[in-house]
Each structure stands twice: as C-alpha cells, then as structure tokens.
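Undergrad:
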Amino acid sequence: MPTFRAPRGTRDLLPPERAVFGRLEAVARDLSRRYGYREMETPLFEQAAVFERGIGEMTDVIEKELFRLVPRSEEGEVWALRPEATAGIVRGYVQHGMHTWPQPVKVSLIGPMFRYDRPQAGRYRQFWQWDVEAIGDPGPAIDAELIELGARFYREAGLDDVLLLLNSIGDTECRPAYVAELAAYFREHAVQLPDLERRRLETNPLRLLDSKDPSLAALQARAPRIVDRLCPACAEHFGAVRSHLDTLGIAYRLEPALVRGLDYYTRTAFEYYREGAEGQQQALGGGGRYDGLVQLLGGQPTPGIGFALGLDRVALNLQSSGLAEGQRPPLAVIVGAEPAATAERLKLATALRAEGLPVRADLSRRKLGRQLEGAARDGAHFAVIVAEGSENGALQLKDLQAGTQRPLAAVDLARELRRAESSHRHG
RNA sequence: GUGGCCUUAGCUCAAUCGGCAGAGCAGCGGAUUGUGGAUCCGCAGGUUGCGGGUUCGAUCCCCGCAGGCCACCCCA
Numbered sequence: 006m007p008t009f010r011a012p013r014g015t016r017d018l019l020p021p022e023r024a025v026f027g028r029l030e031a032v033a034r035d036l037s038r039r040y041g042y043r044e045m046e047t048p049l050f051e052q053a054a055v056f057e058r059g060i061g062e063m064t065d066v067i068e069k070e071l072f073r074l075v076p077r078s079e080e081g082e083v084w085a086l087r088p089e090a091t092a093g094i095v096r097g098y099v100q101h102g103m104h105t106w107p108q109p110v111k112v113s114l115i116g117p118m119f120r121y122d123r124p125q126a127g128r129y130r131q132f133w134q135w136d137v138e139a140i141g142d143p144g145p146a147i148d149a150e151l152i153e154l155g156a157r158f159y160r161e162a163g164l165d166d167v168l169l170l171l172n173s174i175g176d177t178e179c180r181p182a183y184v185a186e187l188a189a190y191f192r193e194h195a196v197q198l199p200d201l202e203r204r205r206l207e208t209n210p211l212r213l214l215d216s217k218d219p220s221l222a223a224l225q226a227r228a229p230r231i232v233d234r235l236c237p238a239c240a241e242h243f244g245a246v247r248s249h250l251d252t253l254g255i256a257y258r259l260e261p262a263l264v265r266g267l268d269y270y271t272r273t274a275f276e277y278y279r280e281g282a283e284g285q286q287q288a289l290g291g292g293g294r295y296d297g298l299v300q301l302l303g304g305q306p307t308p309g310i311g312f313a314l315g316l317d318r319v320a321l322n323l324q325s326s327g328l329a330e331g332q333r334p335p336l337a338v339i340v341g342a343e344p345a346a347t348a349e350r351l352k353l354a355t356a357l358r359a360e361g362l363p364v365r366a367d368l369s370r371r372k373l374g375r376q377l378e379g380a381a382r383d384g385a386h387f388a389v390i391v392a393e394g395s396e397n398g399a400l401q402l403k404d405l406q407a408g409t410q411r412p413l414a415a416v417d418l419a420r421e422l423r424r425a426e427s428s429h430r431h432g
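Quick note on my numbering: the first sequence kicks off at 6 and runs consecutively.
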C-alpha cells in the first residue's frame with residue numbers, strides 16, 4: 006500500500022518496457038526518414054475548441070473522453086489534453102502558413118495522447134502514438150503510400166500478422182444521402198433497437214454499423230453499404246487506392262462497417278488490426294483521409310491523410326508474443342574486491358566510457374565471487390579484474406562466455422574491448 | 001458511463017471450518033578472509049489495497065471506497 010501511486014489509467018514505463026518503446030520509436034523514426042516525413046511537436050494541450058471542432062462534438066472522444074483542464078480564473082481559456090495528434094498538427098499547419106511550403110507537407114509526431122476512458126489492458130488514459138500526416142495531396146497514390154508505410158512499421162517492429170481493414174466513407178457529396186438512407190433503414194426497424202442504438206440513430210447513424218450488439222447483426226448484414234453509394238469521384242478515388250495497394254502487394258480486407266470514430270474523416274478509412282490472444286485491444290492503429298479538416302480549423306480547403314499507431318498496443322503484443330527484447334548488456338564489468346583499488350576501477354571505467362565503450366563499474370564492497378556473479382548475470386561479455394598492484398597497469402581480462410582469462414596491460418584494454426565488441430556485433 | 005471477477009512480501013502465489021500469515025524468485029550476508037550464471041546456509045522484507053461492520057477472535061463473512069482485469073461503450 007504505497008502512499009502514492011500513478012493515476013488511474015497511467016503507468017510507469019520501467020527500464021525493460023521503456024526499452025521496448027525506445028526500439029519502436031527508433032523503427033518509426035527510421036521509417037519517417039525513409040519515407041520523407043519530418044518530425045514535429047505540438048503542445049500536449051490545446052484550446053478545447055481545436056478538438057471539439059476538428060474531431061466533432063458528437064463523437065465519443067469529445068463527448069465523454071476529452072481531458073478538460075478547468076480554467077483558473079473566470080476569463081481563463083478552456084484547454085484540453087490532446088486525445089489524438091491530427092487536430093493539433095492541422096492547427097499548426099494553418100497557424101504557420103504551411104500551405105506556402107512545398108505540398109504535400111509530410112510530418113510525423115511521436116508522443117503521449119490522453120483520453121478519459123475506463124482503463125483496461127492496452128487501453129490507458131495516457132498512451133503513446135506514432136502519428137503520420139500528409140497534408141496537401143488529394144491522393145489517391147499518397148493514400149496507398151501512407152497505408153503501406155503503416156503496414157511496414159508493424160513488420161519491422163516484429164509483428165507479422167497484422168491485418169489491414171479498408172473502406173471508403175465518401176465525402177460531403179455522397180455521404181449525407183447515404184447517412185439519411187441508413188438512418189431510414191434502421192428507423193424502419195427501430196423497435197428492434199436497444200435504447201443506446203436508438204439514440205445513435207439521431208446523433209450518429211454510421212455508428213450503428215460497427216456496433217457489436219448481437220441483436221443488430223442481422224440488420225447490419227442487410228444494411229445499405231457506403232461503398233455501393235459512393236459518388237463517381239469518390240468511387241474513382243477508392244478504386245485507384247485499391248489498385249495502388251494491389252500494385253504494392255498490400256493485402257487488405259474490405260470492411261464496409263469500418264466507419265472510424267472521428268468526424269473529420271472522408272473517403273479512405275483504414276485500420277490495422279490483430280487478433281489478440283484474449284481480450285486484448287485489437288485495433289493497433291488506424292487512419293484516413295480528412296479533406297475538410299484544414300478548412301474546418303480556419304485554413305483554405307486542403308486535402309490531407311494520416312494515421313496514428315498505438316505504441317502501447319504494439320508493445321503489448323510484442324510482449325505477449327515473447328518478441329520483446331531486453332536491454333543490451335554492458336560489454337564489460339570492472340570488478341575488484343580491494344577497497345584500495347576502488348579509485349582505480351572508477352578511473353578505468355571512466356576512461357573506457359570516454360572511448361565510447363559501454364561498461365559498468367562494480368563499486369560495491371562485495372567479494373569478488375559475487376561481483377563476477379553479477380557481471381555474468383548482466384550478460385556482460387567480459388570482466389576486467391582490478392587487483393592490488395593494478396595501479397601500474399596490470400589487469401586480468403576475463404572472457405565470461407569462454408571462461409578464459411589472461412593478463413592485460415591497462416593501456417591495451419580499450420583496444421582489446423573495441424576489437425571484441427565489433428567482432429561480437431558482426432558475429 | 002454499465003455489468004462482472006479480482007487485490008496476501010519488490011514479483012509470482014500458498015494459508016484446512018473464522019483460530020499466532022508461509023514458500024519460490026529477486027535483494028543482502030556467509031560457506032577455512034581473491035574467480036561467475038541453476039551448490040549450501042542464513043538475514044531482511046507484511047497494518048493481508050483502504051475504511052467501516054459482524055464476532056471472544058477476520059486474509060477468510062457483510063457494506064463502502066480505491067486500484068487492476070474482463071465484457072460492453074469505444075478506440076490506440
């Protein structure tokens with residue numbers, strides 16, 4: 006019963022787990038570089054209106070999950086922690102006149118997002134996303150490029166069995182008519198609808214499509230499908246996206262019920278999905294086109310597309326599949342039981358670190374056997390034994406993996422370790 | 001936000017019918033005072049999540065709260 010603990014839905018990332026995140030970030034940054042997306046940052050909080058207007062007042066993310074910050078004075082502004090990255094990035098695009106940059110503006114962002122949800126495994130109130138946006142290109146080729154980028158991330162991160170779900174949800178031309186038709190269809194059968202679903206009929210009929218309520222399954226199966234109601238321009242766009250994906254060899258599953266939870270999406274919508282072991286959150290990432298968002302946030306009409314991938318869920322899947330690796334062990338541990346030689350051990354370790362070598366110094370007063378035990382358990386390749394008389398440079402270099410040991414002069418140590426390190430890396 | 005299950009040492013878990021709270025791992029220290037990963041011995045570590053109630057007596061039964069998990073809701 007600790008006095009304090011991390012707030013509900015948040016957690017500390019301790020060294021082993023933080024290392025997994027670090028590796029995911031490295032994969033994401035490398036992919037950003039290769040695909041020409043440049044990293045940026047936005048504030049962790051914005052005026053609440055940025056999210057309310059961008060994401061949509063009626064969405065769950067805004068209606069019940071937004072982390073609002075209460076103003077400290079009457080005239081204070083209402084802020085909110087960001088629940089996703091796109092709205093803030095687009096706000097920045099408009100604010101900084103990025104429409105004058107070469108288009109499209111391709112940016113990425115890695116950082117924490119916040120949603121006031123009820124926590125569960127893989128679902129946190131503070132979670133991390135890698136977000137990628139291409140603003141200013143109407144597609145459809147950029148759609149396929151971006152979708153392929155997301156799929157590649159999972160493979161390079163170590164998850165091979167991530168599915169891609171794909172849909173088009175139309176635009177302002179064709180979606181209103183479709184939504185009306187869908188609402189009419191469900192209204193005909195309103196008696197069969199549970200209360201929650203009946204309310205949605207008025208607020209957001211699209212959501213009825215991906216409700217998991219089993220009593221809706223039959224109705225959903227016979228519901229009109231947006232892909233059959235796309236206007237010619239949207240249909241052509243969607244066809245081209247699919248053909249580009251085929252060209253790239255990207256497999257996907259058409260998912261007519263995929264509608265996404267944010268209002269700003271138009272046309273292309275997609276989700277990365279993995280059948281979890283049990284009860285795990287299965288959506289690993291998702292995204293879509295948002296051709297009206299820039300204008301909605303005060304800019305000129307500008308198309309855009311992006312995705313957000315959940316790093317926590319990828320890490321969780323890696324760990325449950327036993328694919329997460331631990332931290333790299335030190336190359337060598339400097340040991341020695343003579344209190345008189347402690348300064349010598351410290352000095353030696355400092356010199357090796359200055360040479361760029363990862364070494365640990367055992368500065369404890371434990372007996373030598375314990376120190377070697379610790380070094381071996383660290384997974385260190387070598388132990389450097391500093392004994393009495395080492396001041397004049399006589400050391401023992403012990404290969405913990407081979408079990409061999411030989412005397413070595415201090416002046417030769419860095420060179421020896423470096424040589425072993427490089428052959429170890431490539432061997 | 002709704003419903004359900006769970007909470008004992010740092011971690012994973014025991015504790016018979018309500019009767020003095022235990023083990024493994026991890027940590028620390030030893031094993032004829034200087035050589036290792038799974039050898040042996042020992043030490044330390046607990047207000048049994050928190051607060052009430054029932055009882056001679058509660059880890060155990062009841063209520064509330066908190067946290068975790070599961071299914072919804074929803075999504076990353």
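Glycine included, each C-beta is placed from N, C-alpha and C at the ideal position. Every value quoted in this text rests on a predicted model; they were computed, and no experiment measured them.
What are the start and end residues of each continuous beta strand (DSSP E) run of 3 or more residues lying completely inside the segment 207-251, in chain order?
TA: none
Undergrad: From this set, I174, A256 and P107, which residue's C-alpha is nearest H242's C-alpha?
TA: Numbered from its first residue, the first sequence carries residue 242 at position 237. Of the listed residues, the one whose Cα sits closest to H242 is I174.
Undergrad: In whole angstroms, give me the CA-to-CA distance for G292 and F158.
TA: As a first step, residue 292 is located in the first sequence; it is residue number 287 there, counting from the start. As a first step, residue 158 is located in the first sequence; it is residue number 153 there, counting from the start. When rounded, the distance between both Cα atoms is 14 Å.
Undergrad: I need the boundaries of the beta strand (DSSP E) containing D404, first residue and last residue.
TA: Taking the first sequence and counting its residues from 1, the one referred to as residue 404 is at position 399. D404 -> beta strand (DSSP E) spans A399 to D404.
Undergrad: Using alpha carbons as the reference points, say which of A149, S113 and P88 lies closest to S248.
TA: The count along the first sequence starts at 1 and reaches residue 248 at position 243. Comparing Cα-Cα distances from S248 to each of A149, S113 and P88, the minimum goes to A149.
Undergrad: According to DSSP, is E161 helix, strand or coil?
TA: Locating residue 161 in the first sequence gives position 156, counting from the first residue. DSSP places E161 in helix when its eight states are reduced to three.
Undergrad: Determine, using beta-carbon pairs with one atom in the segment 79-96 and one in the segment 48-68, whether at least three such pairs fall under 8 Å.
TA: yes
Undergrad: Would you mind sorting T252 into buried or exposed? The rule is 16 or more other CB atoms within 10 Å of its CB.
TA: Start at 1 with the first residue of the first sequence, and residue 252 comes out as number 247. Flag for T252 reads exposed.
Undergrad: Just tell me which of P334, A415 and A33 has its CA closest to the CA of A380.
TA: For the purposes of this step, residue 380 is identified with residue 375 of the first sequence, where counting begins at 1. Checking every option, the nearest Cα to that of A380 belongs to P334.
Undergrad: Taking only the alpha-carbon atoms, compute the straight-line gap between R130 and D17 and give it to the nearest angstrom.
TA: Position 125 of the first sequence, counting from 1, holds the residue named residue 130. Position 12 of the first sequence, counting from 1, holds the residue named residue 17. Taking the straight line from one Cα to the other gives about 13 Å.
Undergrad: Taking the beta carbon of K372 as the centre, do at least 16 other beta carbons fall within 10 Å, making it buried, or is it exposed?
TA: Residue numbering aside, residue 372 sits at position 367 when the first sequence is read from its first letter. So K372 counts as exposed.
Undergrad: Count the other C-beta atoms from every protein chain shown that fall within 10 angstroms of the C-beta of P145, then say buried if there are 16 or more, exposed otherwise.
TA: Residue 145 sits at position 140 when you count from the first residue of the first sequence. It counts as buried.
Undergrad: Under DSSP, the beta strand (DSSP E) around F72 begins and ends at which residues?
TA: To locate residue 72, count along the first sequence from 1; it is residue 67. Careful: F72 lies outside any beta strand (DSSP E) and carries neither H nor E.
Undergrad: Assign F9 to one of three DSSP states: helix, strand, or coil.
TA: Within the first sequence, residue 9 is the residue found at index 4, counting from 1. The answer is coil: DSSP assigns F9 none of H, G, I, E or B.
Undergrad: Buried or exposed for H386, please, with buried defined as at least 16 other CB atoms from any protein chain shown within 10 angstroms of its CB.
TA: On the first sequence, residue 386 is found 381 positions in, with the first residue counted as 1. Per the 10 Å Cβ criterion, buried.
Undergrad: G304 to H101, Cα distance in whole Å?
TA: Numbered from its first residue, the first sequence carries residue 304 at position 299. Numbered from its first residue, the first sequence carries residue 101 at position 96. Cα-Cα distance, rounded: 10 Å.
Undergrad: Which term fits W133, buried or exposed, when burial requires 16 or more other beta carbons within 10 angstroms of its beta carbon?
TA: Walking along the first sequence from the start, residue 133 turns up at place 128. Taking every protein chain shown into account, the CB of W133 has 16 or more other CB atoms within 10 angstroms, so this residue is buried.
Undergrad: Whole angstroms is fine: what's the gap from E202's alpha carbon to E186's?
TA: The count along the first sequence starts at 1 and reaches residue 202 at position 197. The count along the first sequence starts at 1 and reaches residue 186 at position 181. Whole-angstrom Cα-Cα distance: 16 Å.
Undergrad: Roughly how many whole angstroms lie between the Cα atoms of A245 and A419?
TA: As a working note, residue 245 is residue 240 in the first sequence. As a working note, residue 419 is residue 414 in the first sequence. Each residue's alpha carbon lies about 58 Å from the other.
Undergrad: Does the Cβ of A222 have 16 or more other Cβ atoms within 10 Å, making it buried, or fewer, making it exposed?
TA: Here residue 222 refers to the residue found at position 217 when the first sequence is read from its first residue. By the 10 Å Cβ count, A222 comes out exposed.
Undergrad: Pick out whichever of A354, L402, R73 and G61 has its Cα sitting closest to the Cα of A92.
TA: By one-based count along the first sequence, residue 92 stands at place 87. Of A354, L402, R73 and G61, the residue nearest in Cα terms is G61.
Undergrad: Between R318 and G163, how many whole angstroms is the CB-CB distance? I'm expecting something under 8 Å.
TA: Residue mapping note: residue 318 aligns to position 313 of the first sequence, counting from 1. Residue mapping note: residue 163 aligns to position 158 of the first sequence, counting from 1. Not a contact, Cβ separation roughly 13 Å.
Undergrad: Considering only C-alpha positions, which residue in the set I339, L302 and A274 is nearest to G374?
TA: Walking along the first sequence from the start, residue 374 turns up at place 369. Ranking I339, L302 and A274 by Cα distance to G374 puts I339 first.
Undergrad: Under 8 Å between the Cβ atoms of R58 and L302?
TA: Within the first sequence, numbered from 1, the residue matching residue 58 stands at position 53. Within the first sequence, numbered from 1, the residue matching residue 302 stands at position 297. The answer is yes: Cβ separation under 8 Å.
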